[in-house]
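>
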Amino acid sequence: MAVDLQELTKQALEEIARADSLDQLERVRLRYLARHGGLISGAGARLRELPADQRAAYGRDFNAASGAVHEAAERRREELSSAELERQAGEEWVDMSHPGSPLSRGHAHPVAQLVREIEDIFSYLGYQSVSGPELEDDLHNFQLLNMPPEHPARDAHDTFYLAAPAAGWLYRTHTSPVQMRAMLTSKPPLRIIVPGKVARRDNPDPTHNPVFHQVEGLCVDSGVTVGDLKGTLEYALRALFGRDRRVRLRASFFPYTEPSLEADVACGVCQGSGCRSCLNKGWVEILGSGMVHPQVLRNGGIDPDRFSGFAFGMGPDRIAVLRYGMADVRDLYENDLRLLERF
Ligand code: DAH
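Count the sequence shown with my numbering and you get residues 8 to 350, in order.
Shown next, in the form of structure tokens:
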């Protein structure tokens, strides 16, 4: 019996040494060591047939034989796999400078991009970007801004009032109430811009959508003048539209500013001659502004004898339409990827 095992071990070790692939090695290993039907494992079963006094010696020989074959197979496996790795390293290669295939990624909506751009322009001038609530009360949206109940200027703000149980609340019609909130919570010098959503019961047309965006601005300090207002607006509009686009400032009226100014930009589609998208005006109004009314400063807890300020509110939706020569502000909200992917 012992001879049998020695002979088998010798054969197995020779075959293992000759195996020149991992597959072949595995076949050899199974032939000798497979739990069922392996030549060496099978020899182990004979243990039971032996007379009791021979079993211990046979058991030792058997363990030595299967241990030796097992170890030899393991060693050969390591040799063969490192040879295989070296072959791969030599034959296969990766060009690390080859550009990857592009991932298709989304991007911010054009209006969101524009709002960020406006924030950048004003942050350069020292303005901090803050936000305020979209649902407001009458006090902040109107009264503190010099529009008491029954004031005719309220007519221009076709307001969405909330029904019971939220009666008394409204969807803000402009971002100006955040001016009041800023004045009531911080002391001058104040330089803030407030991007946000507002809503009005306007009939949709090429320049109106019931929900739109505004970016409010407020600067309060000692000695702020109309010159500062004009300089700031000119700087910002040049940054947004480039030096060549025609821009005009004209006198206007807002209850919360005195004097008041509006800025118009030449229509991006007709360049000023009049077309459907500017409702034949040639110009599109993009912002209202003015020197903060002394009573509004007082309402905000600021002494108008010590401080003055200017404020403005601009419409990034219209600015997007003008900048990109789009025909209709409502196109921005159609979620049409053919349009949005251009940005
Ligand atoms: N709130 C005005 C509107 O929605 C825009 C505006 C005008 C804002 C003058 C201002 C301002 O801050 O001073 O049409």
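C-beta atoms are modelled at their ideal positions from N, C-alpha and C, and glycine is treated no differently.
Return the CA-CA distance between Asp11 and Glu98, expressed in angstroms with no decimal places.
44 Å
> Report yes if the C-beta distance between Val76 and Thr16 is below 8 Å; otherwise report no.
yes
> On the three-state DSSP scale, how would you describe Lys288?
Reduced to three states, the DSSP call for Lys288 is coil.
> For a quick check, are the C-beta atoms of Pro213 and Val336 less than 8 Å apart?
yes
> Secondary structure at Glu93, three-state DSSP: helix, strand or coil?
helix
> What did DSSP end up calling Glu98 once you bin it into helix, strand or coil?
helix
> Taking C-alpha atoms, which residue in Lys237, Phe260, Phe261 and His43 lies nearest to Val254?
Lys237
> Can you tell me whether Met298 is buried or exposed, with buried defined as 16 or more other CB within 10 angstroms of its CB?
buried
> Counting beta carbon pairs with one atom in the region 214–221 and one in the region 242–259, are three or more of them shorter than 8 Å?
no
> Taking all protein chains shown into account, do 16 or more other C-beta atoms lie within 10 angstroms of the C-beta of Arg257, making it buried, or fewer, making it exposed?
exposed
> So the candidates are Ser183, Lys288, Val35 and Cys285; which of them puts its Cα closest to the Cα of Tyr263?
For Tyr263, the closest of Ser183, Lys288, Val35 and Cys285 by C-alpha to C-alpha distance is Ser183.
> Hey, would you say the C-beta of His181 is under 7 Å away from at least one heavy atom of the ligand DAH?
yes
> Which residues in the same chain as Pro301 place their Cβ atom closer than 7 Å to its Cβ, once the five residues preceding and following it in sequence are excluded?
Pro311
> Using the rule of at least 16 other Cβ atoms within 10 Å of the residue's Cβ for burial, across every protein chain shown, is Ala318 buried or exposed?
buried
> Give me the Cα-Cα distance between Ala189 and Gly139, rounded to the nearest whole angstrom.
9 Å
> By DSSP's criteria, Leu256 is part of a beta bridge. Which residues make up the other side?
Within the DSSP secondary-structure output, Leu256 pairs in a beta bridge with Ala270.
> Counting pairs of Cβ atoms below 8 Å between the region 189–204 and the region 276–294, do you hit three or more?
no
> How is Pro117 classed by DSSP in three states: helix, strand or coil?
helix
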